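Everything on this sheet refers to the single structure shown next.
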Amino acid sequence: MTINPTRVLVVDDDAAMREVLEMRLQEWGFDVCLASDGNQARELTQSYGPDIVISDVLMPGLSGLELLRLLKTARQANPVILITVQASVDVAVEAMKQGAQDFLIKPLDYCKLKSTLDSVKRSIKMRREFRKLGARLEQGAGLREFIGTSKEMREVYDFVKVAANSDASVLITGESGTGKE
């Protein structure tokens, strides 16, 4: 089974920045696609299907914040990392309110970028696994492995089905040896 690399769309009107990011991201094992503005990025989110978007904030035409809003209103779950040369607390706060994964200042701290990307990759992987488990539960495969038919256990099974269709985190507690795994 081959593992597909995480796809990253880099959006920046500065060609040099796009090239540097492309080089770094490829070194880190990402599949990279480049866009020179927000409008091109919007088209590429449909055709390329990125897992992550890294976008400059200030660009002619469609800005990084506007692109972020479009992606979020289109219900696309792409994590968006915004980068900018002109740091402003107001813009950073607005970006985070709009759902940006992170807000980084140019010149980029590549250790921080790598850390953010690694965190996003883990989140994407967990979300995919969660969907797979949810699909298995819908097919009934997951519940056949559980033991117990009491009323209480049926309530647990119902709760598991509901939780599997949600993005919420679930904490399972109980005494040692009670089969929480």
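Numbering (numbering that gives the first Met the number 0), first residue to last: 0 to 180. C-beta atoms are modelled at their ideal positions from N, C-alpha and C, and glycine is treated no differently. Given the structure is predicted, the values throughout are model-derived calculations rather than measurements.
I'd like to know if the stretch 27-45 and the stretch 84-101 are in contact, where contact means that at least 3 CB-CB pairs between them fall below 8 Å.
No, the stretch 27-45 is not in contact with the stretch 84-101.
Could you check the C-alpha separation between Ala99 and Ala73 for me, to the nearest Å?
Your numbering for residue 99 matches position 100 in the sequence shown. Your numbering for residue 73 matches position 74 in the sequence shown. Distance between the alpha carbons of Ala99 and Ala73 is about 15 Å.
Val31 versus Met16, Gly37, Ala14, Pro49, residue with shortest Cα-Cα distance:
Taking the sequence shown and counting its residues from 1, the one referred to as residue 31 is at position 32. If we check each option's Cα against that of Val31, Pro49 comes out closest.
Note the first and the last residue of the continuous alpha helix (DSSP H) segment covering Phe158.
Start at 1 with the first residue of the sequence shown, and residue 158 comes out as number 159. Element bounds for Phe158: 150-163.
Identify whether Glu83 lies in helix, strand or coil by the three-state DSSP scheme.
Translated into positions along the sequence shown, residue 83 becomes position 84. The identity of residue 83 in the sequence shown is Thr, whereas the question assumes Glu. Reduced to three states, the DSSP call for Thr83 is strand.
What would DSSP say about Gly98, mapped onto helix, strand or coil?
Here residue 98 is taken as the residue at index 99 of the sequence shown, counted from 1. In the three-state scheme derived from DSSP, where H, G and I count as helix and E and B as strand, Gly98 is classed as coil.
Please classify Ser168: does DSSP put it in a helix, a strand, or coil?
Residue mapping note: residue 168 aligns to position 169 of the sequence shown, counting from 1. Coil at Ser168, not helix or strand.
With DSSP collapsed to three states, give me the class of Ile123.
Counting from one through the sequence shown, the residue named residue 123 turns up at place 124. DSSP places Ile123 in helix when its eight states are reduced to three.
I need the straight-line Cα distance from Leu112 to Pro59, nearest angstrom please.
Mapped onto the sequence shown, residue 112 falls at position 113. Mapped onto the sequence shown, residue 59 falls at position 60. Whole-angstrom Cα-Cα distance: 24 Å.
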